[in-house]
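Take a look at the structure set out below.
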Amino acid sequence: WDPAFTLDNAKQALLAFKGDVYTGLQAETLSDAQLDYAQDHLRMLSGLYGLLRPLDLMQPYRLEMGTRLANARGKDLYAFWGTRISEWLNEALADQGDDLLLNLASTEYFS
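Counted from 1, the sequence shown has number 105 at position 105 by the UniProt record's numbering; the numbering is strictly sequential.
Take a look at the structure:
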């Protein structure tokens with residue numbers, strides 16, 4: 001196992017996910033300028049990695065947010081992540097000077 005993610009053993013998050021939102025986004029067609037904008041403004045929630053930016057490298061996995069998975073913080077991934085996700089989102093919004101969050105997540109990822 002090699003912990004260092006590279007383009008040889010990992011994918012950029014925006015290209016790794018295959019749900020309806022990601023399919024509709026057509027990430028493979030985005031220009032460099034659009035990718036730069038997305039990197040600064042778009043955040044994606046992963047049950048395994050937490051909050052990701054579009055170009056963050058990740059390795060493929062299958063782990064739904066609603067999966068019951070006992071951990072030190074509770075019985076599932078909601079308990080594991082707790083308030084950290086919303087804190088990170090609030091920090092990102094503050095850094096951008098924004099107060100608008102457009103949530104495109106499925107119900108499973110939004111609580």
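Beta carbons: idealized from backbone N, C-alpha and C, even for Gly.
By the C-beta criterion, the stretch 3-16 is judged to be in contact with the stretch 45-64, since at least 3 inter-stretch pairs fall below 8 angstroms. Contact annotation: the stretch 22-37 does not touch the stretch 71-91, with fewer than three C-beta pairs closer than 8 angstroms. Following the DSSP letters along the chain, one finds Ala70 inside the beta strand (DSSP E) bounded by residues Arg68 to Asn71.
The beta carbons of Leu51 and Trp88 sit closer together than 8 angstroms. Residue pairing from DSSP places Asp76 in a beta bridge opposite Arg68.
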